[in-house]
Structures are given as structure tokens and as C-alpha cells.
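Line order of the protein sequences matches chains A and B. If you read the first sequence in the UniProt record's numbering, its first letter stands for residue 1, the second for the next number, and so on. If you read the second sequence in the UniProt record's numbering, its first letter stands for residue 1, the second for the next number, and so on. Backbone N, C-alpha and C fix where the C-beta goes; we use that ideal spot for every residue, glycine too. One structure is given below, encoded as C-alpha cells.
There are 2 protein chains.
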Amino acid sequence: MFPLTKQFEFPEPCCDCKNFIHLCNPHLEKMKEDILYHFALGTGTHDFPALFGDVKFVCVGGSPSRMKAFIAYIAEELGLESSGCDYPNICAGTDRYAMYKVGPVLSVSHGMGIPSIAIMLHELIKLLYHAKCSNVTIFRIGTSGGIGLDPGSVVITRESVDATFKPQFEQVVLGKTVIRSTNLDEQLTKELMQCSIEIGQFHTVIGNTMCTLDFYEGQGRLDGAICLYSEEEKLQYLKEAYDSGVRNIEMESSVFAAMCNLSGVKAAVVCVTLLDRLEGDQISTSHEVLVEYQKRPQKLVGYFIKKSLGKV
Amino acid sequence: MFPLTKQFEFPEPCCDCKNFIHLCNPHLEKMKEDILYHFALGTGTHDFPALFGDVKFVCVGGSPSRMKAFIAYIAEELGLESSGCDYPNICAGTDRYAMYKVGPVLSVSHGMGIPSIAIMLHELIKLLYHAKCSNVTIFRIGTSGGIGLDPGSVVITRESVDATFKPQFEQVVLGKTVIRSTNLDEQLTKELMQCSIEIGQFHTVIGNTMCTLDFYEGQGRLDGAICLYSEEEKLQYLKEAYDSGVRNIEMESSVFAAMCNLSGVKAAVVCVTLLDRLEGDQISTSHEVLVEYQKRPQKLVGYFIKKSLGKV
């Protein structure tokens, strides 16, 4: 019925119209109820259109506490603060992910690494579909290691590339590898860069982002529990990455781009760099400075949302 | 210096003696301080031998709340309850992982997926090394999807296999793929099976565990946001897995086995099955039943620890 042939390597987004979320899954129509297990939410127990139908912007990031901080920040920016200034965790029935909402903005944590964000995205895309959301834009706001950039620089991803610098994501389906495109929205990238210029508070570049399956050996660190290569080999690899256009390294962007692309959702990746990997491996900057760095992607995406809503 | 040649595909454990943790990384000797960033711990700020030197058993699992519940359970079993019955999170400075300790037992969460557990294991293995621990056994206690087993059955992993049923883990190092062995300790597996017989409370089998990079397409589910195969193709894949000896599917065991193996640490994987994947994809069992299922690996490993300490 759906053979795993070349025709599926770069499928078109499974939607008739760019404005609605469409699911690339004909089986879901047959299900009476859909349990989003890792969110502890389900269509049989929750009214998705009532809870989420007005969502226009989704921001996702690794850390649950950072995503809670983001919802408080964006609420203040949009003048939508709650009276008690508290934002309940919509996924309180589980500790796998945390989710917060204020007005048209949803903020969701995704943990670390491709498998963790992929589980979250499967359930998030279904949530937005069940809620009948339209014109949704999704941002990943995160941290990363930079290459050849001062720490604290923000990178807006042009292309998410794999560990061999190719703009693709290898998805294993029923034991077979299929290749998916990691295209991101070019216009959205440019609009975010314009926002950064208007804010004028931190250095921002558009560059390629390398997405790896490992933080230590996969990113050429010398300080993991296992390291069987030399410092020269590490630096050669990072310089090759730089020469190919890579400006930062993280662990989620490729599957994020691939899944948003397939579901016809506009998406962008905005990460701050915590260190320059050409200078070292350990993140030894003070806690206070790191906290300030981590606010930069929030500020940039927050400004974009305000501007989109005509509030700048 | 350390060329990425075939000789490293199945390296021997990097240790002179099975009793101590040894690091396969000559670079670490040159570092004055080691910051375990994702634990918010460092050798410059924490006395690792004093804090962790007596650790003999480490239990790791995905969910932070489950790992907190485990430390309370094992404390009670070993008669080491704290006066206020509270166990502080040793990694309170971060929300990436949670860590608890009582007597010789350390309990650590690892999130979901290979990259997430790999970051934790790099830092855990370095922690145990810096603390000069000896004779350590590490258990992964988790949840999984079963194949051909009644829900609630416990699987002790014989071999962790990949999505093509091979007992290996593909690690990408500086952009190149190296193959690592996923050997687990056969004697430990048998001892755990004997413990389950002595407990006599739930069905336990020894079987192969398939470790995938994805929960939906990677495990042949029909209920993700993306699914381009038929129900027949799904069932054919799961039956092939069963015929090859696979009895459950999860997302962390392969890198867990590979890293413990390389570091010369005895390791076992004990997971409960939440559903039979030949019967369906959604986890629709009641919360109360799932909570009881999730205690089974804790009970089994807890009994093993008690027995090892001569308290049974």
C-alpha cells in the first residue's frame, strides 16, 4: 500500500493548503480516540479545539524550566499576564514534557536529542491537527556550541545538516533508512534576522546548524568518558564543518525541520552559542552569564511574535 | 594518534581490571578540573570521592519522578530511610537530569532516547571514575513495548539489537560511523532471572531488546503524525523481530550496553512491557495499572540489591 521506495525520500508536505496542519497518516482517520501518551492528553478526555484552537505560535526548547520562563516572558511582552503570574503545566499528568499556553502562544519542552524531540513533535503535530489550528509557526529556541563565533552569538539556522554536513535527516522506518529534507522557511529566517537588527542587543548570524546524535564523540569533544581521536583530528573536523557553512552544533534541528516540513508547518531554529568549540569543549562560563545568553533566542522570537501581532 | 580504523570497531574494555571504572579517554588526565555540565557538578566544586565513593549500584531510568520513587523504595527495603523521608536531588542546579542517593545506591534519570541517555552516561561514568568507585553494577530499569507477551511482563535483556535485529550500536564519531558491541553480562542476567523466580509476583522472560531511534515510525506504530506504511507491513516487521528473538522494544539499551561495555562496568537492562505491539499501538491501560507495572523492574532490581547485600 505504501511501499518504502525512493518516491518517499523527499515527499511533498502532506497537505492541500499551507495554512492548515495536515497529517501524513491515513490510519488516524480510523481511530475513535487518540491518546497523546507522552503529553498525558487525549481526544477522548480533552476538548482540543477549545483548549488549543487559537494557537498561532509554538515555541519548543529542551529545558522545561526555560519553557516555563518563556511563557512568563511572552505573556508580559504581549500584556497577557495571568493575575497570579502563574502558568499551569498543561502536561502535569506526566514528567516527560512540560507545556504552557498564553493567548496564541504555546511553549513546550522537548528534552535532549532527536528521539526525544521527535516523540514530542509527533504528538504536538497531532494536537494542532485535532485542534484545527491554522497558520501556525513553530520555533525551536535552544542552546548550542558555536564554531568561530563569540560565545553569546545567536544563530538563525539556514539549513540543518547532518554529521557529514549534508542537509538531510536519516529516518529509520521499519528497519529501513529513508532520507528526508531538512528545508526551513527562507522568508521566516530573513524576517527573524531583521528582528535581531531592530532589537540591536546581541550578535546574530544566519548559518548552517549541524545536528548530531551525541554531545561528546559526535561533536568531537575531548572531555567525554570515551574519546579515541586526537585534538588535531577534532580541530580538523570542526574546521571542515566551518568551511561547509556550519556555525553551530546542536542535537534536535534536523528532525524538527524534517517533521515540520512534511506537515506543512512554517518553522525556524534560533539557538544561542554557549562557547566557541574551536577554543574548547567545557562550558565553564558563569551561571549568570549563561542565563543571560539563554534569554537571547527568547527575546528574538518574542519580538517576532509581538511584531507579527502588530504590538511593536 | 587514534585513527578511526577497523581496530576500534569492537574495542576491548579500556581497563586493566574489571573492578574499577576506567575511562577510554587519555585526554582527561590533562584537565585540571572536569565540569559535568548536565549534572551541574564539577571536580573543582564537589568532592566526588566523599560524595559518591561508596556507590556500588546505579539504577537509571527515563523519568525523574520514577527515579525519585525508586530511591525511596530502595531506602525502605535496605532500612536506610531518611528521617524526613525526603531525598534531595543532587542535580538540583539543572533540570536536565535528576539524581538521588541512599547508601550504596545511586538513582539517575536519563530522559528519552539514545542521545539523552548517552550524555548522562558520559557524565555518570566520569563521576564514578573521579569518585574512585569499584565493583559497580549499573541497571537500566524502564518501560517498553512488548512483542507476543502479556502487558506487565518483565523482560531482562539478553542482547540489545538495532532496528535490523543486529546486536550492535552505530556510533557516529567525527562524522564517521563506528560499530560497537552491545554485550551485556550473561551471569548478571541469569542472577536477575533467579531473583524474579524467588519473588514470584510477575511473569519475567530473558529475551532480546530492540533499541530504536524513534517511538512512532521507528517502532512501526500506525498512530504517529507521519505513517507511510500499511498495517500489514507493520505486522510483518514486528513478526520478523519476534522470530529473531526480540521480546520488547525501547529506545536506550544499545548505547547503554555499548558504553558500559567499553568502560568495563557490569550492566543489565530490565524493562516492563506496557502493551503487546502485536495487538495495538496506543497505551490505553489505566493510570493505576501502568503505575503498578512500572514498579516491577524496581522490585526486581531492588530484590537483587538486597540479596547482594545479604539482606534477603
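Per-residue DSSP class, three states only, for residue i
i: A/T189; result: helix
i: A/I21; result: coil
i: B/F2; result: Note that B/F2 scores 36 on pLDDT, short of 50, meaning its location in the model is unreliable; the coordinates nonetheless yield the value given after this. In this structure, B/F2 counts as coil in the three-state DSSP scheme.
i: A/L124; result: helix
i: B/C59; result: strand
i: B/C260; result: helix
i: A/L36; result: strand
i: A/E312; result: Checking the displayed sequence, the identity of residue 312 of chain A turns out to be Val instead of Glu. Here A/V312 sits in coil by DSSP.
i: A/G113; result: coil
i: B/Q7; result: Annotation note: pLDDT 36 at B/Q7 (below 50); position unreliable, coordinate value reported separately. In this structure, B/Q7 counts as helix in the three-state DSSP scheme.
i: B/E250; result: strand
i: A/I141; result: strand
i: A/V155; result: strand
i: B/I90; result: coil
i: B/V265; result: coil
i: A/I226; result: strand
i: A/D243; result: helix
i: B/S286; result: coil
i: B/L300; result: helix
Test item: CB-CB of residue i and residue j under 9 Å
i: B/S109; j: B/V60; result: yes
i: B/K68; j: A/G224; result: no
i: B/I138; j: A/D214; result: no
i: A/R247; j: A/G142; result: no
i: B/Y229; j: A/V173; result: yes
i: A/P167; j: B/I114; result: no
i: B/Y216; j: B/G148; result: no
i: B/R180; j: B/L238; result: no
i: A/I90; j: A/F256; result: no
i: B/S144; j: B/C271; result: yes
i: B/K295; j: B/Y73; result: yes
i: B/A163; j: B/T212; result: yes
i: A/L278; j: A/L235; result: yes
i: A/V269; j: A/R140; result: yes
i: B/T182; j: B/F169; result: yes
i: residue 313 of chain A; j: A/H130; result: This structure gives no information on residue 313 of chain A, because the portion of chain A shown stretches from 1 to 312.
i: A/V136; j: A/I305; result: no
C-alpha distance - residue i paired with residue j, whole-angstrom precision
i: A/N25; j: A/T177; result: 18 Å
i: B/E77; j: B/F57; result: 14 Å
i: B/E252; j: A/G111; result: 14 Å
i: A/L128; j: A/F52; result: 7 Å
i: A/P297; j: A/F48; result: 28 Å
i: A/F165; j: B/T204; result: 45 Å
i: B/I289; j: B/R66; result: Checking the sequence shown, residue 289 of chain B turns out to be Val, not Ile. Approximately 15 Å, taken between the alpha carbons.
i: A/S153; j: A/G207; result: 12 Å
i: B/R221; j: A/I21; result: 20 Å
i: A/S254; j: A/K266; result: 14 Å
i: B/I71; j: A/T273; result: 36 Å
i: B/E292; j: B/M31; result: 45 Å
i: A/E29; j: A/H122; result: 16 Å
i: B/G103; j: B/A92; result: 19 Å
i: B/D34; j: A/I226; result: 14 Å
i: A/Y303; j: A/I199; result: 8 Å
i: residue 332 of chain B; j: A/Q171; result: Within the shown structure, residues of chain B are numbered from 1 to 312, placing residue 332 of chain B beyond reach of any answer.
i: B/L300; j: B/S107; result: 15 Å
i: B/S63; j: B/Y87; result: 16 Å
i: B/H27; j: B/K132; result: 18 Å
i: A/K101; j: A/M259; result: 22 Å
i: B/L124; j: B/L80; result: 23 Å
i: A/L23; j: A/G175; result: 22 Å
i: B/E240; j: B/I249; result: 13 Å
Residue(s) in a DSSP beta bridge with residue i
i: A/R180; result: A/F169
i: B/Y100; result: B/S107
i: A/D276; result: A/G146
i: A/S134; result: A/F20
i: A/C195; result: None, per the DSSP bridge assignment.
i: B/S160; result: B/T209
i: A/G218; result: Answer is none; A/G218 lacks a bridge partner.
i: A/G42; result: A/I35
i: A/T204; result: A/V154
i: B/V270; result: B/I141, B/I156
Taking 8 Å as the cut-off, does the segment 186 to 194 of chain A touch the segment 152 to 164 of chain A (at least 3 CB pairs, one atom from each stretch)? yes
Three or more C-beta pairs closer than 8 Å, one from the segment 191 to 204 of chain A and one from the segment 276 to 284 of chain A: is that the case here? no
At least three beta-carbon pairs within less than 8 Å, the segment 30 to 50 of chain B to the segment 95 to 102 of chain B: yes
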